[in-house]
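There are 4 protein chains.
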Amino acid sequence: MLARDFGIACGTLPTGALNAITDVPGVLVGHRTLRSGDVNTGVTAILPHGRNLYREKVRAATDVINGFGKSTGLIQINELGTIETPILLTNTFSVSACATALIRSAIDLNPDIGRETATVNPVVCECNDGALSDIQALAVTEEDARAAIADAGRSVAQGSVGAGTGMSCFGFKAGIGTSSRRLTFGGEDRHLGVLVLSNFGRAGDLVLPDGRRPTPADDSVRGENGSVIIVLATDVDLEHRQLARVTKRCAAGLARLGSFWGNGSGDIAIGFNPKAILPHDGEEAFLAQRILNEKLIDVLFQAAAEATAEAVLNSMCAAEPFVGRSGAYRPSLADWLTKRI
Amino acid sequence: MLARDFGIACGTLPTGALNAITDVPGVLVGHRTLRSGDVNTGVTAILPHGRNLYREKVRAATDVINGFGKSTGLIQINELGTIETPILLTNTFSVSACATALIRSAIDLNPDIGRETATVNPVVCECNDGALSDIQALAVTEEDARAAIADAGRSVAQGSVGAGTGMSCFGFKAGIGTSSRRLTFGGEDRHLGVLVLSNFGRAGDLVLPDGRRPTPADDSVRGENGSVIIVLATDVDLEHRQLARVTKRCAAGLARLGSFWGNGSGDIAIGFNPKAILPHDGEEAFLAQRILNEKLIDVLFQAAAEATAEAVLNSMCAAEPFVGRSGAYRPSLADWLTKRI
Amino acid sequence: MLARDFGIACGTLPTGALNAITDVPGVLVGHRTLRSGDVNTGVTAILPHGRNLYREKVRAATDVINGFGKSTGLIQINELGTIETPILLTNTFSVSACATALIRSAIDLNPDIGRETATVNPVVCECNDGALSDIQALAVTEEDARAAIADAGRSVAQGSVGAGTGMSCFGFKAGIGTSSRRLTFGGEDRHLGVLVLSNFGRAGDLVLPDGRRPTPADDSVRGENGSVIIVLATDVDLEHRQLARVTKRCAAGLARLGSFWGNGSGDIAIGFNPKAILPHDGEEAFLAQRILNEKLIDVLFQAAAEATAEAVLNSMCAAEPFVGRSGAYRPSLADWLTKRI
Amino acid sequence: MLARDFGIACGTLPTGALNAITDVPGVLVGHRTLRSGDVNTGVTAILPHGRNLYREKVRAATDVINGFGKSTGLIQINELGTIETPILLTNTFSVSACATALIRSAIDLNPDIGRETATVNPVVCECNDGALSDIQALAVTEEDARAAIADAGRSVAQGSVGAGTGMSCFGFKAGIGTSSRRLTFGGEDRHLGVLVLSNFGRAGDLVLPDGRRPTPADDSVRGENGSVIIVLATDVDLEHRQLARVTKRCAAGLARLGSFWGNGSGDIAIGFNPKAILPHDGEEAFLAQRILNEKLIDVLFQAAAEATAEAVLNSMCAAEPFVGRSGAYRPSLADWLTKRI
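Residue numbers (this note's numbering), protein chains in the order written: chain V, 1 to 341; chain C, 342 to 682; chain U, 683 to 1023; chain S, 1024 to 1364.
And the structure:
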């Protein structure tokens, strides 16, 4: 079940065919889920395209909404405006295993890395699933990271899957969610899609687009100490500054659900364009590029806010009730909504 | 009429006694309103305290939510973390007159400025009221700026007054609005208050806390080309970094009303603490300061988001229907709400 | 006299034909100098091109090296990546007069401003010449600002002229200086030029490229409370992010002269490309743009650092000894150098 | 041999007793050096203090001078203004091993991490030693990271040691260097110390304080594709904003040596105060803190610039000539200087 199955839409723009980040041509998503004993965690991989990302980097930008987080790779994205590996999402203490897997994969494909050419910048983002998983186990392996990448396709499983396995939002079970918006520029069809790893929000703070405030039955209200990772893709031609502006609007989508970007929440957004290729090689002095007429950018801002909010709701609606580490329980927003229809 | 007169509250925290920025001890607000022919504009002054601000600067921080704006003075606030003049709000083309008035007033009080001591940093923020006022007239004078400062008191007029005279929001008349939240830290009563100059939002995008979407009767939907200035005050002890974090949360309040921080909107927030005095003079090497335990900061984030949203709604509810330059008309949100009670 | 007349070059890249910012095609510079009694101040205008800048905006970026300054217009440059007026330099308390002059000039050329289209963002930067001029006089008028613009041409007067009339550096007289570097990309000749308004540095801190440390004869050593404005122009195709990276390297040029970007110094850099036009009008969805292959950007970094250092030295070498307000005296670096040849 | 053994001092402030970062009370430094076959790498650990850093976090700030780098942990330092682990320096592809070691060490000392309390933010910075070491070997282990921490003491080995084993600067061998400055505030003795991992600068670009330009004999001039990590410590009471301002001045020290913060160089500075403790536990609402009178901050700016430049020169003077991976050779700056005395 997704938000629209309960009659809940975020905003007014039309969705893409899949209502998923993979509506943006080229983008692929894969998961590796780990559930065993007190371990409820995993890895989710977002591939801007299916080719050699180190050779064909893509235009990218980031927004640190609240920096209580341990994501890696963002500094170089800001400076150079490119991504050169898949983006991996996982739990806080598995960033290293995933980063090492990305480094080794890049070397396998590009043996000149660190020898005849530069090194490689692994991009790994994280949320803390310690409430539902034994995060001290450091359970994710390099092999798990590779499995998530190998699993990548256009169909996106949502809810308690991959990196989302042990995540919670506003006191409900959450995890992976996605949504997209369809746009038209100069007569051409384009898309903006978002995928979230959602693990933020105090129980009681969630506000639905219709003003309802779902609250979990048991009142285990806790502080805001989760996080959310937002990955945005668009095939609209934007220079880095414009892409950064669009990426910043993901935060508005969170706020519309009742978030105030809490102190303990590492809220990070990364945006990229899978079709804006910056080649690693090549000696031409100048590259041709198209950029959007800035006067038309508002619809992208709107799409980023809408798709982020809807992706979070989808991550919750798609998740079943969950019993995690030491019996900790998270109900399903889908159940709450079902009772109220 | 204010939002609460229509049963609309933003969030759950209690308001201060005045539900105004002047609930924060020391803060004063004054207006100068200009209405004559096609001129509908003015000046609003916020005084962090009523003493000599150059000698007793106050801790301050800013957040540029969207930088399509012409406010002045922000760069030095960011670097030094202080404000040393009143904050003036006005229309886009009257920033210079207001800045000059602040410079002259500071020199009058402190004849050593620019001679034996440093210069002074005037803080003036603006929105474009060109839709309802003849902004090309550059109608505001230095005398108007001084009159707004002289008018300062604890009672805050709202709606079409002062700098808000010619402003609009979401297709409705808007202007000046304020709201506050009462807080408790370590057994001590504290406040966070917000005052907005509101002039943003496309008609049709406004969402009330209960999910309703008020739209003006006539469909003169226009692009997002306004702006909003948010002035936040709190007497909670915060270091500059913490105050910047709190100030950033004003943007969440805008987003909750349906804003996506539009391209053409200069959305700027300034936060200050009237009780955190940084003296201009004095030769001690170190100053004593208290800072909040960071674990307790979430309630300030929440208060900033709530008070910002409510201040915007108050700026709209307090405004009568308005006929401005060349007959341009803006209806009142209060009328829309009255019909639906 | 300029630095090279004393055998002093900064770095190794060749200069342009004029060794001036006006080596970058299109750029024009003009001055208005005010000397009367204790008033020693003025205005310097840099025109990215000689056409209607509001209609044909240019790509621009900024770097706030140290934000103890009152420049205006920077926030919008950062957000939108464009400049739409001439850049005016003046003393701290004349920013408002210059900004108003820019607004009125823009309205004269574009009567739709603030009525049928957006407002305009005046860019005015400043240093405090209070040590040598009566800054409390607010002596600069709108007419002076217009005169500086009207004076604009390819020949650049240096030293105690225009906004530089009352400025000092490292205890010596300073003011306006310029320098350029010639570059080649893909077989095409390009330039990077810098113009500075220099008013920074403690007496005794100056270090020449050969290691010598010129110190004024009288030991009126004073704190770092000046400022420096650096305007950089290049006709190399860069996206906004790249231009911001290049502009940031101006600070390295200051440091090489012994500056540590002092607390009281408002050190601001603005970079632009006069050939990268972003039209105000036009409805095409996308604009074509060339961007530099990032691998080739180092020579621009080097040029920015070298030209900034040399422009500062030129501002000092070109200035005669000066007696200013209340008899305050600043010797000439040219005299110091002449005695040591 | 260090720079002062060749009569080279950077600036005019006096050094601390050790001329090392460990002149700042509490700071400890340790190394683990790996030299085997084509592997020439290692780990350097800087401990802000010798107690439990997670329980007693220290005030910290960062500056990303040029973000072509893969350091981890900076985002949270910026947001919260604290460091809660030792700072580890290593090669680019060993960040993960070091981060995991920091996580496990923190869990060992604080079993509540990720269970009853928050997670932990490992701080690891890196340079690319691929020119002299087989970086593809991912040779550094968690055990190596622990060994560097266990080695920590007040005496700091410099040159080709620890993380500096395979690093180069301006075509010469470089690595680890340190320097300090002694300061006095309000009659109290304080220090500012810097430790660098230096691996930046094109051969031929180095400029000594006396204007000489040492160039390696063989002309294997290569592009700027190294990096430099600068760790600054001071026991002067500063709020986060002030510490960030001081930390930013490290970049001036690099520029004075001829650097322009090259495109391919990940130039990162981290500053901390070992005596400014922010406790993890404790429920008081407010913490008492002293902050420096901003008027006195210039000497800290000067100290940061001077100590950074001298630390880089020390890293070079202390390093012997070196033969690394595949016979790659780097001469010693000490030899160049010895021949010219």
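Here a beta-carbon is modelled for each residue, glycine too, at the ideal position from N, C-alpha and C.
{"Item": "Can you have a look at Asn-734 of chain U and say buried or exposed, based on whether 16 or more other CB atoms are within 10 angstroms of its CB?", "Value": "exposed"}
{"Item": "Kindly indicate which three-state DSSP category Ala-1010 of chain U falls into: helix, strand or coil?", "Value": "coil"}
{"Item": "Determine, for Gly-603 of chain C, whether the minimum Cβ-Cβ distance to residues of chain D falls below 8 Å.", "Value": "No chain D appears in the structure shown, which is made up of the protein chains V, C, U and S."}
{"Item": "What number of angstroms, rounded off, separates the C-alpha of Ser-753 of chain U from the C-alpha of Ile-1100 of chain S?", "Value": "30 Å"}
{"Item": "Excluding five sequence neighbours on each side, which residues of the same chain lie with their C-beta closer than 7 Å to the C-beta of Phe-434 of chain C?", "Value": "Ile-476 and Leu-479"}
{"Item": "Under 8 Å between C-beta atoms, does Arg-752 of chain U make it to chain C?", "Value": "It should be noted that the sequence gives Lys, not Arg, for residue 752 of chain U. Closer than 8 Å: yes."}
{"Item": "May I have the straight-line CA-CA distance separating Ala-1040 of chain S from Arg-1007 of chain U, to the nearest angstrom?", "Value": "46 Å"}
{"Item": "Just confirm the distance between the C-beta atoms of Glu-1149 of chain S and Thr-1113 of chain S, as a whole number of angstroms; I'd bet it's less than 8 Å.", "Value": "6 Å"}
{"Item": "Along the beta strand (DSSP E) that carries Cys-10 of chain V, what are the first and last residues, could you check?", "Value": "Element bounds for Cys-10 of chain V: n/a, residue is neither H nor E."}
{"Item": "Per DSSP, Lys-398 of chain C is paired with what?", "Value": "C:Leu-619"}
{"Item": "Could you check which residue in C:Arg-671, C:Leu-579, C:Phe-627 and C:Thr-374 has the C-alpha nearest to that of Gln-499 of chain C?", "Value": "C:Thr-374"}
{"Item": "Can you give me the C-alpha to C-alpha distance between Gly-693 of chain U and Ala-1308 of chain S, rounded to a whole angstrom?", "Value": "55 Å"}
{"Item": "Please report the straight-line C-alpha distance between Ile-618 of chain C and Ala-629 of chain C, rounded to a whole angstrom.", "Value": "11 Å"}
{"Item": "So what's Val-1244 of chain S in DSSP terms, helix, strand or just coil?", "Value": "In this prediction, Val-1244 of chain S has a pLDDT of 48, which is less than 50 and means its spatial position is unreliable; what the coordinates show is noted afterwards. Coil."}
{"Item": "Taking a contact to mean a Cβ-Cβ separation below 8 Å, would you say Ala-558 of chain C touches Arg-487 of chain C in this structure?", "Value": "no"}
{"Item": "With Ala-645 of chain C and Gly-534 of chain C assumed to form a contact (beta carbons below 8 Å), what rounded beta-carbon distance in angstroms separates them?", "Value": "In fact, because the Cβ distance is near 10 Å, the residues do not count as touching under 8 Å."}
{"Item": "Can Leu-729 of chain U and Val-709 of chain U be called in contact, C-beta distance under 8 Å?", "Value": "yes"}
{"Item": "In the DSSP assignment, the beta strand (DSSP E) including Asn-773 of chain U goes from what residue to what residue?", "Value": "769-773"}
{"Item": "At a CB distance below 7 Å, what residues from the stretch 201-216 of chain V approach chain C? Give them in sequence order.", "Value": "Pro-209, Asp-210 and Gly-211"}
{"Item": "Note down, in chain order, every chain C residue with its Cβ under 7 Å from the Cβ of Asn-760 of chain U.", "Value": "Gly-408"}
{"Item": "Return no unless some Cβ of chain U is closer than 8 Å to the Cβ of Ala-459 of chain C.", "Value": "yes"}
{"Item": "Measuring only the C-alpha atoms, how far is Ile-448 of chain C from Asp-346 of chain C?", "Value": "44 Å"}
{"Item": "Compare the C-alpha of Ser-861 of chain U against each of U:Ala-702, U:Met-683 and U:Leu-684 and name the closest.", "Value": "U:Ala-702"}
{"Item": "According to the neighbour-count rule (16 or more other Cβ atoms, all chains shown, within 10 Å of its Cβ), is Ser-1128 of chain S buried or exposed?", "Value": "buried"}
{"Item": "Between the beta-carbon of Val-1219 of chain S and the beta-carbon of Gly-1200 of chain S, is there less than 8 Å?", "Value": "yes"}
{"Item": "Determine the closest residue to Arg-586 of chain C out of C:Gly-527, C:Phe-642, C:His-621 and C:Ala-515, with distance taken between C-alpha atoms.", "Value": "C:Phe-642"}
{"Item": "Take Lys-275 of chain V as the anchor and find which of V:Arg-290, V:Trp-261 and V:Asp-267 has the nearest alpha-carbon.", "Value": "V:Arg-290"}
{"Item": "For Phe-1208 of chain S, list the residues DSSP reports as bridge partners.", "Value": "S:Glu-1211"}
{"Item": "How many Å lie between Leu-1375 of chain S and Asp-980 of chain U at the Cα?", "Value": "Since the displayed chain S opens at 1024 and closes at 1364, residue 1375 of chain S lies outside it and no answer follows."}
{"Item": "How far does the beta strand (DSSP E) with Asn-722 of chain U in it extend, from its first residue to its last?", "Value": "721-729"}
{"Item": "Taking 7 Å as the limit between beta carbons, can you name the residues of its chain near Val-340 of chain C, skipping five residues before and five after?", "Value": "Missing from the structure shown is residue 340 of chain C; chain C here goes from 342 to 682 and no further."}
{"Item": "Among the residues of its own chain, which have a CB less than 7 Å from the CB of Leu-206 of chain V, if the five just before and after it don't count?", "Value": "Phe-170, Arg-213, Pro-214, Leu-257 and Gly-258"}
{"Item": "Looking at chain C, is there any beta carbon in it that lies within less than 8 Å of the beta carbon of Glu-1262 of chain S?", "Value": "yes"}
{"Item": "For Arg-1022 of chain U, count neighbouring Cβ atoms within 10 angstroms of its own Cβ and tell me buried if that reaches 16, exposed if not.", "Value": "exposed"}
{"Item": "Could you give the first and the last residue of the continuous alpha helix (DSSP H) run that contains Ala-1016 of chain U?", "Value": "1015-1021"}
{"Item": "According to DSSP, which residues form a beta bridge with Ser-787 of chain U?", "Value": "Paired residues: none, contrary to the question."}
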